[in-house]
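Remarks on the structure that follows.
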Amino acid sequence: MNIFRLCGDLSHLLAILLLLVKIWKTRSCAGISGKSQILFAIVYTTRYLDLFTSFVSIYNSVMKIVFLSASYGTLYLMFYKFKPTYDHNHDSFRILYLIVPALVLSFVIVHAYTLMEVLWTYSIYLEAVAIMPQLFMVSRTGEAETITSHYLFALGSYRALYILNWIYRYYTEDFLDLIVIIAGIVQTILYCDFFYLYITKVLKGKRLSLP
Amino acid sequence: SYSSKIHDEL
Numbered sequence: 001m002n003i004f005r006l007c008g009d010l011s012h013l014l015a016i017l018l019l020l021v022k023i024w025k026t027r028s029c030a031g032i033s034g035k036s037q038i039l040f041a042i043v044y045t046t047r048y049l050d051l052f053t054s055f056v057s058i059y060n061s062v063m064k065i066v067f068l069s070a071s072y073g074t075l076y077l078m079f080y081k082f083k084p085t086y087d088h089n090h091d092s093f094r095i096l097y098l099i100v101p102a103l104v105l106s107f108v109i110v111h112a113y114t115l116m117e118v119l120w121t122y123s124i125y126l127e128a129v130a131i132m133p134q135l136f137m138v139s140r141t142g143e144a145e146t147i148t149s150h151y152l153f154a155l156g157s158y159r160a161l162y163i164l165n166w167i168y169r170y171y172t173e174d175f176l177d178l179i180v181i182i183a184g185i186v187q188t189i190l191y192c193d194f195f196y197l198y199i200t201k202v203l204k205g206k207r208l209s210l211p
Numbered sequence: 212s213y214s215s216k217i218h219d220e221l
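Just so you know, the protein sequences line up as chains B and P, in that order.
Read in order, the letters of the first sequence correspond to residues 1 to 211 in our numbering.
Read in order, the letters of the second sequence correspond to residues 212 to 221 in our numbering.
Structure follows, in structure tokens:
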């Protein structure tokens, strides 16, 4: 554990809880992509199956359980409790275009051909692109609520902080995993455009709207 | 191995 990893995890946790609390408090999931949330649920499920097979630390296990429950809680709020507020007309990204290629890639580029390893690799590849339906939705509607912008910023920062963590681990532990590093870089690049808008608009008190 | 070590992350 290092400071980059800890900040990354806390940023990730903040993002997930922020989204859950926002939907609960406003009784609405307007502007949130249900498709991205479905992809994140698949990501957490396929990655954290190792809760049953390997123990790392209490910290890791608790975080995994929180991520999984928050993710399914968000799906419950979006597709059941506050379903009428779900803006499905603007959530039109075809997620099969992400699910299938990520699955194929996880069979092609993987460390070991075991079920858990392929599922873990799949979760890494799918996570890298899981935000695309959400970003597509923001670009279609041309705007995002401020709280949604904070959610996206925290979620994007998490993987950027993980990149610093991997650099740190490379120098301190001589440890390198190119699968997560390249996927993590792709994931972070996808947020760059949004980061720019967030810094130039939202942090100056303006609403995030596209020209 | 490489793959077993990265699994200590989230």
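Note that the Cβ used here is the ideal one computed from N, Cα and C, for glycine as well.
Rounded C-alpha distance that separates residue i from residue j
{"i": "H88 (chain B)", "j": "I23 (chain B)", "result": "16 Å"}
{"i": "I99 (chain B)", "j": "C29 (chain B)", "result": "23 Å"}
{"i": "V118 (chain B)", "j": "V43 (chain B)", "result": "12 Å"}
{"i": "L6 (chain B)", "j": "V104 (chain B)", "result": "32 Å"}
{"i": "E145 (chain B)", "j": "Q187 (chain B)", "result": "22 Å"}
{"i": "F79 (chain B)", "j": "Y125 (chain B)", "result": "25 Å"}
{"i": "L18 (chain B)", "j": "L49 (chain B)", "result": "24 Å"}
{"i": "M113 (chain B)", "j": "L208 (chain B)", "result": "Inspection of the sequence shows that residue 113 (chain B) is occupied by Tyr rather than by Met. Looking at the two C-alpha atoms, the distance is approximately 44 Å."}
{"i": "D219 (chain P)", "j": "Q37 (chain B)", "result": "24 Å"}
{"i": "I167 (chain B)", "j": "Y196 (chain B)", "result": "24 Å"}
N-terminal and C-terminal residue of the alpha helix (DSSP H) that residue i is part of
{"i": "D219 (chain P)", "result": "Neither: D219 (chain P) is in no alpha helix (DSSP H) and is coded neither H nor E."}
{"i": "P133 (chain B)", "result": "M132 to T141"}
{"i": "V129 (chain B)", "result": "L115 to V129"}
{"i": "S6 (chain B)", "result": "Checking the displayed sequence, the identity of residue 6 (chain B) turns out to be Leu instead of Ser. Its alpha helix (DSSP H) spans residues I3 to T26."}
{"i": "I109 (chain B)", "result": "Note, I109 (chain B): premise wrong, no alpha helix (DSSP H); not H, not E."}
{"i": "F153 (chain B)", "result": "T146 to E173"}
Option nearest residue i by Cα separation, candidates the options
{"i": "F93 (chain B)", "options": "B:A70, B:A130 and B:F79", "result": "B:A130"}
{"i": "R159 (chain B)", "options": "B:E173, B:E127 and B:S139", "result": "B:E127"}
{"i": "I199 (chain B)", "options": "B:Y168, B:L178 and B:S149", "result": "B:S149"}
{"i": "N60 (chain B)", "options": "B:M1, B:I16 and B:S33", "result": "B:M1"}
Cβ-based burial, residue i [other Cβ within 10 Å; buried from 16]
{"i": "S212 (chain P)", "result": "Residue placement at S212 (chain P) cannot be trusted, given a pLDDT of 42 that sits under 50; what the coordinates show is reported in the next sentence. S212 (chain P) comes out exposed."}
{"i": "N165 (chain B)", "result": "buried"}
{"i": "T74 (chain B)", "result": "buried"}
{"i": "S123 (chain B)", "result": "buried"}
{"i": "R47 (chain B)", "result": "buried"}
{"i": "V32 (chain B)", "result": "Correcting the residue identity first, residue 32 (chain B) is Ile in this sequence and not Val. When all chains shown are included, I32 (chain B) counts as buried."}
Residue i at chain D interface by Cβ criterion, 8 Å
{"i": "S54 (chain B)", "result": "This model lacks chain D altogether, as its protein chains are B and P."}
**OP:** Would you mind listing the alpha helix (DSSP H) stretches within the region 30 to 107 of chain B that are 4+ residues and don't spill past its ends, in chain order?
**Re:** The region 30 to 107 of chain B contains these whole alpha helix (DSSP H) runs: 34 to 47 and 58 to 76.
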